[in-house]
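Down below is the structure, laid out as structure tokens.
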Amino acid sequence: MALWGIAYAAGPNYNKAWRFFDQEDLKASIKRANDALARATQLAVQAAPVEQALIEAITSRFPPTDNIPADLSSLDHAYANAMRPVYQKFGSDPDVAALFAESLMCITPRGLWNLDTGKPSGDHTVEAREVIESSLKRTDGYNHPALCHLYIHIMEMSPFPELALPAADRLRHMVPDGSHMLHMPTHIDVAVGDYRRAVDSNHEAMVADDKYFAREDASIQVHYICAKLYAAMMSGRFKDAMSAAEKLEDIIDTRLLSITTPPIADSIESFLGSKAHVLIRFGRWEDIIDLELPTDRSLYCATTAVILYARGLAYSALGRIAEAEVAQTEFEAARALVPESRLNSIPCKEVDVLSVASKMLTGELEYRKGNYEVAFMALRQAIQLEDGLPYSDPPPWMQPVRHALGGLLLEQNRVKEAEVVFREDLGLLKDFPRRRARLNNVWGLHGLHECFMRSGKTDEVIFVQSALDIALASADVLVSASCYCRRSAVEGSGCCS
Numbered sequence: 234m235a236l237w238g239i240a241y242a243a244g245p246n247y248n249k250a251w252r253f254f255d256q257e258d259l260k261a262s263i264k265r266a267n268d269a270l271a272r273a274t275q276l277a278v279q280a281a282p283v284e285q286a287l288i289e290a291i292t293s294r295f296p297p298t299d300n301i302p303a304d305l306s307s308l309d310h311a312y313a314n315a316m317r318p319v320y321q322k323f324g325s326d327p328d329v330a331a332l333f334a335e336s337l338m339c340i341t342p343r344g345l346w347n348l349d350t351g352k353p354s355g356d357h358t359v360e361a362r363e364v365i366e367s368s369l370k371r372t373d374g375y376n377h378p379a380l381c382h383l384y385i386h387i388m389e390m391s392p393f394p395e396l397a398l399p400a401a402d403r404l405r406h407m408v409p410d411g412s413h414m415l416h417m418p419t420h421i422d423v424a425v426g427d428y429r430r431a432v433d434s435n436h437e438a439m440v441a442d443d444k445y446f447a448r449e450d451a452s453i454q455v456h457y458i459c460a461k462l463y464a465a466m467m468s469g470r471f472k473d474a475m476s477a478a479e480k481l482e483d484i485i486d487t488r489l490l491s492i493t494t495p496p497i498a499d500s501i502e503s504f505l506g507s508k509a510h511v512l513i514r515f516g517r518w519e520d521i522i523d524l525e526l527p528t529d530r531s532l533y534c535a536t537t538a539v540i541l542y543a544r545g546l547a548y549s550a551l552g553r554i555a556e557a558e559v560a561q562t563e564f565e566a567a568r569a570l571v572p573e574s575r576l577n578s579i580p581c582k583e584v585d586v587l588s589v590a591s592k593m594l595t596g597e598l599e600y601r602k603g604n605y606e607v608a609f610m611a612l613r614q615a616i617q618l619e620d621g622l623p624y625s626d627p628p629p630w631m632q633p634v635r636h637a638l639g640g641l642l643l644e645q646n647r648v649k650e651a652e653v654v655f656r657e658d659l660g661l662l663k664d665f666p667r668r669r670a671r672l673n674n675v676w677g678l679h680g681l682h683e684c685f686m687r688s689g690k691t692d693e694v695i696f697v698q699s700a701l702d703i704a705l706a707s708a709d710v711l712v713s714a715s716c717y718c719r720r721s722a723v724e725g726s727g728c729c730s
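Position 409 of the sequence shown, counted from 1, bears residue number 642 in the working numbering, the numbering being contiguous throughout.
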């Protein structure tokens, strides 16, 4: 079974589908798997029946080493179909149940639900959910880390992610030195708007990673750092967000990004734009202007584009229109140089994320020019692009466009329009897709509370006040508006007074 494990680890998984293997990695991985399985098959006569079945099933996952097809998606279906009879015969084994459920989930990894309709992507999603839920009810499945882990993944995109809270809470304490198991519950924390807990659990995952990498020569996991950063941004915790951004800068260097197999730059270089996003979120305009552009703008292409985008927003917010226009021109030129292969977060491309940035910068710049209708149209277009991005955790766009649109609408006393925007943001509008919302975030709550106050909706004020008070209790900044792009926020005491 150790040989089976080598093949299993060499193949695709929920976070790395076949399409994310480059050609060299693909050939090496398939050869490694097939070599291991050839030896495993020879030794399988000595194995238990369940082990023999698992070895036979996984052979369907890999093509011949010397004949790799361009499209490998059929192998995902083949493996799931091969695992079904194994589950039917040995389904009382929680390991088998987890492996079968995962095989089904890998048919459409990170795409198990339609975010707009809230419907499953196919029968494979329904079947995988049924397998996991039935297995979790069993004594030996209740505290099974793989089943709890997979249940989080299968429910996080659904309209009811809270159903995975019990499994997430169990997993949170199940593997105390396993960084990924400490992080995984935060997918559900964020989905239900518990950003405070998401910050803390991701920090624990980072601590666990630090212990491991202190004794192992390997690249540290940056995903948990990004997840902590996003949760801190949504809860108004500047210090936590900034420390996470600085840790990313410490880890992601030119040596790491220069690794070509697999192409590391395509996977993680865009994370270095996180500092600019943090500074935008907290209105640190002068700090943004002081950010230095990378020397190697080809290797750091996404970072370069994001810094220039941030400069454009900063100059716009400060009323320095001519400089904002220069930054916008430079941003668009830099954006055009970002390759299609560059990822923001799996499975989202950086070029698609930068399309949101383009419209958002246009909207905020036109607003400062006094072209309000043009500005609001551009910001609404940015929202459409943001809503159209694929699901990922954390979201690929860290500064919700609705926070800017709602704040600027309020600045123009268009309270009714702003209320709709903030209700959407918080998931409080009927028929608005649940997984497009960012529940309980302090910025949206502040905006909606202001709408209710200004329109005299006393009952609604009471409804949102307690949620806002709870959210504000975790913030380490003065939250004076939904977005510091708003003039009153810029002219006020600042985010960190």
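From the three backbone atoms N, C-alpha and C, an ideal C-beta is built for every residue, glycine too.
Contacts around residue i, its chain only, beta-carbon distance under 6 Å, and the 5 residues preceding and following it disregarded
i: Thr292; result: Leu270
i: Gly640; result: Ala714, Ser715, Cys716, Arg719
i: Ala469; result: Strictly speaking, residue 469 in this sequence is Gly, with Ala absent from that position. For Gly469, where only same-chain residues beyond five positions count, the Cβ hits under 6 Å are Val675, Ala708, Val710, Val712.
i: Ser336; result: Tyr312, Ala313, Met316
i: Val648; result: Cys684, Arg687, Ser688
i: Leu524; result: Ile540
Among the options, nearest to residue i - alpha-carbon criterion
i: Arg403; options: Ala303, Pro418, Asp664; result: Pro418
i: Thr350; options: Asp529, Ile695, Arg669; result: Arg669
i: Tyr375; options: Glu599, Pro627, Ala331, Ala431; result: Ala331
i: Ala431; options: Ala474, Ala590, Ile540, Leu532; result: Ala474
i: Phe504; options: Glu606, Arg575, Ile492; result: Arg575
i: Asp356; options: Glu366, Ile340, Leu348; result: Ile340
i: Arg635; options: Ile616, Glu644, Ile513, Glu482; result: Ile616
i: Tyr428; options: Ser699, Pro627, Phe665; result: Pro627
i: Glu749; options: Glu573, Thr487, Cys581; result: Any answer about residue 749 is impossible in this case: the structure gives the chain only from 234 up to 730.
i: Leu512; options: Lys461, Ser531, Met466, Cys534; result: Met466
i: Gln561; options: Ser549, Ser412, Asp520, Thr493; result: Ser549
i: Asp433; options: Val425, His416, Phe446; result: His416
i: Glu597; options: Asp585, Ala611, Cys534, Gln256; result: Ala611
i: Arg671; options: Asp529, Ile484, Ala464; result: Ala464
i: Trp346; options: Glu449, Glu389, Val455; result: Glu389
i: Ile458; options: Arg448, Ala250, Leu481, Ala441; result: Leu481
i: Pro342; options: Arg252, Met414, Glu366, Asp664; result: Arg252
i: Pro297; options: Arg265, Ser325, Ala281, Ile522; result: Arg265
i: Ala424; options: Pro409, Ala397, Val440; result: Ala397
i: Asn246; options: Gly411, Gly660, Leu308; result: Leu308
i: Pro495; options: Ala242, Gly621, Phe254; result: Phe254
i: Tyr624; options: Glu257, Tyr533, Thr536, Gly344; result: Gly344
i: Ala608; options: Leu587, Trp630, Leu642; result: Leu642
i: Phe446; options: Ala242, Ala706, Ser699, Ile484; result: Ile484
i: Ser588; options: Glu606, Asn604, Ala535, Gly552; result: Ala535
Anticipated Cβ contact below 8 Å, residue i with residue j, distance rounded
i: Met593; j: Ala637; result: 7 Å
i: Arg568; j: Ala538; result: 5 Å
i: Leu194; j: Ala334; result: Residue 194 is absent from the model: the chain starts at 234 and stops at 730.
i: Lys508; j: Ala557; result: At roughly 20 Å, the Cβ-Cβ gap does not stay under 8 Å, so Lys508 and Ala557 are not in contact.
i: Leu678; j: Ala704; result: 5 Å
i: Val571; j: Val559; result: Actually they do not touch by this definition, with Cβ atoms about 20 Å apart.
i: Asp532; j: Ala498; result: In the sequence on display, residue 532 carries Leu and not Asp. Contact holds; Cβ gap of about 6 Å.
For residue i: DSSP bridge partner residues
i: Trp676; result: BP columns for Trp676 are empty, so no partner.
i: Ser578; result: Cys581
i: Trp346; result: Pro353
i: Asn246; result: Lys249
Beta-carbon proximity list for residue i, same chain, < 8 Å, skipping 5 on both sides
i: Trp237; result: Ala269, Leu270, Ala273, Glu284, Leu287, Ile288, Ile291
i: Pro327; result: Ser368, Arg371, Asp373, Gly374, His377, Ala379, Leu380
i: Phe564; result: Ala538, Leu541, Tyr542, Arg544, Gly545, Ala590, Ser591, Leu594
i: Ile301; result: Leu259, Lys260, Ile263
i: Ile554; result: Tyr548, Leu598, Arg601, Lys602
i: Lys249; result: Ile579
Nonlocal neighbours in the same chain, by C-beta distance under 7 Å from residue i, ignoring five residues either side
i: Phe323; result: Val283, Ala286, Val329
i: Val694; result: His682, Phe685, Met686
i: Lys472; result: Asp709
i: Ala400; result: Leu369, Cys381, Tyr384, Ile385
i: Ala666; result: The displayed chain sequence assigns Pro, not Ala, to residue 666. Hits under 7 Å: Leu348, Asp349, Gly351.
i: Ser726; result: Unreliable placement is indicated for Ser726, whose pLDDT of 39 sits below 50; the coordinate value is still reported in the next sentence. Within the same chain, Ser726 has close Cβ partners Leu711.
i: Gln454; result: Ser412, Asp442
i: Asn577; result: Ser503, Glu583, Val586, Pro629
Exercise for the section: Please go through the region 583-635 and give each complete alpha helix (DSSP H) segment of 4 or more residues, from N-terminal end onward. Expected result: 583-601, 605-620
Exercise for the section: Kindly provide the ranges of any alpha helix (DSSP H) runs that are 4 or more residues long and lie completely inside the region 306-386, ordered along the chain. Expected result: Within the region 306-386, the complete alpha helix (DSSP H) runs of at least 4 residues fall at 306-323, 327-338, 356-369, 372-375.
Handout entry: Ordered list of alpha helix (DSSP H) runs contained in the region 401-444, each at least 4 residues
Key = 412-416, 418-424
Problem - Contiguous alpha helix (DSSP H) assignments of at least 4 residues, all confined to the region 639-697 - result: 648-659, 675-687
Handout entry: 3 or more residues per run - each beta strand (DSSP E) lying fully within the region 507-572
Key = none
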